Amino acid sequence: MMERESLLSPAGAQSGPGPGSSNIPEYSVGAISSAIKRVLEGTFGRVRVRGEITEMKRYASGHVYLSLKDEGGKISGVIWRGNVSRLGMVPENGTEVIATGKISSYGERSNYQLIIDSMEFAGEGALLARIEALRIRLRDEGLFDQGRKKPIPFLPRCVGVVTSRSGAVLHDICTTISRRFPRNVLLWPVAVQGEGAARQIVHAVQAMSSLPSPPDVLIVARGGGSLEDLMAFNDEAVVRAVAACPLPVISAVGHETDTTLVDYAADRRAPTPTAAAEMAVPLRSELLADLAHRTARLSGGLAGILQRNGLRLQAVAARMPDLPGLLDTARMRLDDRAQRLELALPGFVMRARARLGQSGYHLPAVETVLGQRRSLVEAQAGRLQSGWERYLNGCQMRLLRTPLRMDSVQSRLNLQRARLEGVARHLDAVSPRAILKRGYVLVQDEAGRAVTSSRGLARGSRVQLSFDDGTRQARLDPEEAGTPGEDLSSEKTVFSPEAQTSQGELGL
C-alpha cells in the first residue's frame, strides 16, 4: 500500500488544506499520465498475452500497430521497427498468437498498449489450421497437380542443394552422393528457420535456375524439428517459388512423418535428406552390375543368333544343287541346240523360197491391174465433167435472172428517195432557221427560254438574240425612249446589246 501511494505521489502534487481546497491531492495532466505509466510498467513488467490479431497496420516507418482480442476484451499493441524482423513469424489478421512484451501507456491519447518484442502461434492447432487453409487455396490454383511434375534426370551432371551450411543435412547428402555415384554438388546456403528464412529460400531457388550453368536437379532440404521450426517451408512464397522452378525439385524437409507444403509443390518428395540424395543419383555398383548382366545377356543372345544363322546357312547350302553339274548340263543343251539350228536353217530357207515361187504364180498381170484402174479413173472423170457442166448451167441461169431483180430494187429506191425529198422540203418550210433567213430574230432569256411577250421580262433584263448567222447579247430598255413633249402613248421596246464588237454597239 505504501508503494502504491508513493507511485501515486509524484513531484508536483499538492495536498493539505488551502483556501477553497480539500484534502484530495491535486495533479497536473502530465503528472497523472506519468504516474499511471509507472504503475502499469512497475506492476505488470513483462507479460504474455494470448489473443487474435486484428486491425493490423504497417506504417512506412516500419512500425506495426495492431490489436489483440478475445471473448473478454481487446488490447492495443505495437511492434517497433527493430523488433519486427526478430518476431519469428509474420503477423496477419485473424491469426491467434501469444505476444510477449510489456504494458505501457500513451499519455497523449490516454490509452494503454502492449509493446511486443516477440510473438508465436497459439498452439499447433492454429498453425495447422492456417497451413491447411493455405494448402487448399494453392491446391485449387493447380500448384499441386501431377501434370506439373517434371521427371528426375537419370544421371545428373550436377546436383544443386538449398539448405543450411551447418548441420548434418549437407553432410548426409554429400556422403550419399559420393558413395552412390560421385557427382558435382552445388550448395546455396540459406537459413532454414527463423525470420528471413523463407525469403532466403525463395531467392536461392530462383537464383539456382538462373545460373549460367544450372544444376540438373535441385534438392531443398533441412533436418527435423517442431512445427514452428518448419514454418519457413510452409510459407506461400517458398511454395510458389518451388512450383515455378524450371529445374526438377526434390523436397527433403524434416523426418519421414513431417509434411510441409513444399512437399506438395516439389516434383518428388523424399522422407529424409539421405533418401533425396538416393533419388537424385543412381547407385554406381547397381549400374555396373546391371550393365554387366545386360552385356552377358547381349553376348549370349548374339552367340545364339550366330549359331542359329550358321545352322540355317548349312541347311540351305545342303539343299542347293551342284553348280558345276548345272553348268555342264546347260553347256550340253547349248551344243545340241546349235547343231539342230545348223541343220534346220537350210531347210527353212528352201521352204520359204518355194512358198514365194508359188505366190508369184497367183499374182495378176500388171497390164490387167492398170487397165482396171484406168477404167475406174475414166468413169470418175466422166461423172465429174457432167456435174461441172450442170453447175455452170445453173450459175448462168442465175446470172440471167439477176438484172430483173436489180431493176425492181432500183425502182423501190427511187420511190423512197422521192418520199424523203418531200419530207425534207416540208421540214425546211416549217424550220425556224428558214424564218430567221427572212429577217426575223429569236429572243431568249438568260435561262434559254423563248420570249414571246414584252411583259414577260422586266426593264434592264438580259436577253439573247439569235440571228441566222449567229447570236448576240442585249439588255432591255437601257434608257427611257423619247423626250419631253413627245407622244409616248404608244409603248416601245428598246434593246441595247452589251457585247462590244469591232463594228460598235448594236441597238434594236
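Number 387 in the UniProt record's numbering belongs to position 387 of the sequence shown; there are no gaps in the numbering.
Positions of the beta carbon are idealized from the N, C-alpha and C atoms, including for glycine.
Remember, it's a predicted structure, so these values are computed and weren't measured experimentally.
Same chain, Cβ closer than 7 Å to residue 176, neighbours up to 5 away in sequence not counted: Working through the sequence shown from its first residue, we reach residue 176 at position 176. Once the five neighbours on either side are set aside, the close Cβ partners of residue 176 are 274, 277, 278.
Residue 221 - partner residues in DSSP beta bridges: Your numbering for residue 221 matches position 221 in the sequence shown. DSSP output for residue 221 lists 252 as bridge partner(s).
Closest Cα partner of residue 64 within the set 49, 72, 93: Translated into the one-based positions of the sequence shown, residue 64 becomes position 64. Nearest of 49, 72, 93 to residue 64, Cα basis: 93.
Through-space distance from residue 365 to residue 333, alpha-carbon basis: Here the question's residue 333 lines up with position 333 in the sequence shown. Here the question's residue 365 lines up with position 365 in the sequence shown. Computed Cα separation, rounded: 50 Å.
Residue 165 to residue 257 span [Cα, whole Å]: If you number the sequence shown from 1, residue 165 lands on position 165. If you number the sequence shown from 1, residue 257 lands on position 257. One C-alpha to the other measures close to 24 Å.
CA-to-CA distance, residue 250 to residue 201, given in whole angstroms: Here residue 201 corresponds to residue number 201 of the sequence shown, with the count starting at 1. Here residue 250 corresponds to residue number 250 of the sequence shown, with the count starting at 1. Each residue's alpha carbon lies about 14 Å from the other.
Inter-residue Cα distance where the pair is residue 111 and residue 33: Locating residue 111 in the sequence shown gives position 111, where the first residue counts as 1. Locating residue 33 in the sequence shown gives position 33, where the first residue counts as 1. Distance between the alpha carbons of residue 111 and residue 33 is about 10 Å.
For residue 102, the residue or residues it bridges with in DSSP: Position 102 of the sequence shown, counted from the first residue, corresponds to residue 102. Residue 102 pairs with 46, 115.
Straight-line gap, residue 431 to residue 400 (C-alpha atoms, nearest Å): As a first step, residue 431 must be located in the sequence shown, where it is residue number 431. As a first step, residue 400 must be located in the sequence shown, where it is residue number 400. Distance between the alpha carbons of residue 431 and residue 400: 48 Å.
Residue 188 - DSSP class collapsed to helix/strand/coil: Here residue 188 refers to the residue found at position 188 of the sequence shown. Looking at residue 188 - three-state DSSP - the assignment turns out to be strand.
Given residue 460 as reference, the closest of 452, 476, 197 once Cα atoms are compared: For the purposes of this step, residue 460 is identified with residue 460 of the sequence shown, where counting begins at 1. Closest by alpha carbon: 476.
Cα-Cα separation, residue 189 to residue 129: Here residue 189 corresponds to residue number 189 of the sequence shown, with the count starting at 1. Here residue 129 corresponds to residue number 129 of the sequence shown, with the count starting at 1. So the alpha carbons of these two residues sit roughly 30 Å apart.
Sequence-distant residues of its chain with Cβ nearer than 8 Å to residue 428 (five each side left out): The residue you call residue 428 lines up with position 428 of the sequence shown. Here the set comprises 434.
Local Cβ density within 10 Å of residue 263, reported as buried at 16 or more and exposed below that: As a working mapping, residue 263 is identified with position 263 in the sequence shown. Result: buried.
Residue 280 to residue 292 span [Cα, whole Å]: Along the sequence shown, read from residue 1 onward, the residue named residue 280 stands at position 280. Along the sequence shown, read from residue 1 onward, the residue named residue 292 stands at position 292. One C-alpha to the other measures close to 23 Å.
Alpha carbon of residue 369 to alpha carbon of residue 376, nearest angstrom: Your numbering for residue 369 matches position 369 in the sequence shown. Your numbering for residue 376 matches position 376 in the sequence shown. The alpha-carbon atoms of residue 369 and residue 376 are separated by roughly 11 Å.
Exposed unless 16 or more other CB atoms sit within 10 angstroms - verdict on residue 309: Translated into the one-based positions of the sequence shown, residue 309 becomes position 309. With fewer than 16 other Cβ atoms within 10 Å, it is exposed.
Spatial distance of residue 436 from residue 456 (CA atoms): Within the sequence shown, numbered from 1, the residue matching residue 436 stands at position 436. Within the sequence shown, numbered from 1, the residue matching residue 456 stands at position 456. Residue 436 and residue 456: Cα-Cα distance of roughly 22 Å.
Spatial distance of residue 46 from residue 183 (CA atoms): On the sequence shown, position 46 is the one that residue 46 refers to. On the sequence shown, position 183 is the one that residue 183 refers to. For residue 46 and residue 183, the distance between alpha carbons rounds to 53 Å.
Own chain, CB closer than 8 Å to residue 154, minus 5 neighbours either side, in chain order: Within the sequence shown, numbered from 1, the residue matching residue 154 stands at position 154. Answer for residue 154: 282, listed in chain order.
Residues that residue 162 bridges to, as DSSP identifies them: The residue labelled residue 162 in the question sits at position 162 within the sequence shown. Its beta-bridge partners are 188, 220.
Residue range of the beta strand (DSSP E) that includes residue 471: The residue labelled residue 471 in the question sits at position 471 within the sequence shown. Start and end: 471-476.
Nearest residue (CA-CA) to residue 449, options 464, 144, 174: Here residue 449 refers to the residue found at position 449 when the sequence shown is read from its first residue. Nearest C-alpha to residue 449: 464.
contact_flag[the stretch 232-247, the stretch 202-218] where n(CB pairs < 8 Å) is 3 or more: yes
Within 9 Å, strictly: CB atoms of residue 83 and residue 61: What you label residue 83 is simply residue 83 of the sequence shown in a count that begins at 1. What you label residue 61 is simply residue 61 of the sequence shown in a count that begins at 1. It is not a contact, given that the beta carbons lie outside the stated cut-off.
With 16 other Cβ atoms within 10 Å as the buried cut-off, status of residue 29: Stepping through the sequence shown from its first residue, residue 29 is reached at position 29. Residue 29 is exposed by the Cβ-count criterion.
Buried or exposed by the 16-neighbour rule on C-beta atoms within 10 Å, applied to residue 116: Looking up residue 116 in the sequence shown gives position 116. Residue 116 is buried by the Cβ-count criterion.
CA-to-CA distance, residue 146 to residue 204, given in whole angstroms: Taking the sequence shown and counting its residues from 1, one reaches residue 204 at position 204. Taking the sequence shown and counting its residues from 1, one reaches residue 146 at position 146. Spanning the two alpha carbons is a distance of roughly 24 Å.
Beta-carbon proximity of residue 192 to residue 223, cut-off 9 Å: For the purposes of this step, residue 192 is taken as the residue at position 192 of the sequence shown. For the purposes of this step, residue 223 is taken as the residue at position 223 of the sequence shown. The answer is yes: Cβ separation under 9 Å.
Own chain residues within Cβ distance below 8 Å of residue 230, not counting five before or after: The count along the sequence shown starts at 1 and reaches residue 230 at position 230. Closer than 8 Å at the Cβ level, and outside the excluded window around residue 230, lie 193, 222, 253, 254, 258, 260.
Straight-line Cα distance separating residue 143 from residue 267: The sequence position of residue 267 within the sequence shown is 267, counting from 1. The sequence position of residue 143 within the sequence shown is 143, counting from 1. Cα-Cα distance, rounded: 11 Å.
Runs of alpha helix (DSSP H) wholly within the stretch 381-469 (minimum 4 residues, chain order): 432-437
Expected contact under 8 Å - CB spacing of residue 195 and residue 86 to nearest Å: The residue you call residue 195 lines up with position 195 of the sequence shown. The residue you call residue 86 lines up with position 86 of the sequence shown. Yes, residue 195 and residue 86 are in contact; Cβ-Cβ is about 6 Å, under 8 Å.
Three-way DSSP call (helix, strand, coil) for residue 67 in this model: If you number the sequence shown from 1, residue 67 lands on position 67. Three-state DSSP puts residue 67 in a strand.
Buried or exposed by the 16-neighbour rule on C-beta atoms within 10 Å, applied to residue 208: By one-based count along the sequence shown, residue 208 stands at place 208. Label assigned to residue 208: buried.
Continuous beta strand (DSSP E) stretch holding residue 73: start and end: Residue 73 sits at position 73 when you count from the first residue of the sequence shown. Where residue 73 is concerned, there is no enclosing beta strand (DSSP E), given that its DSSP letter is neither H nor E.
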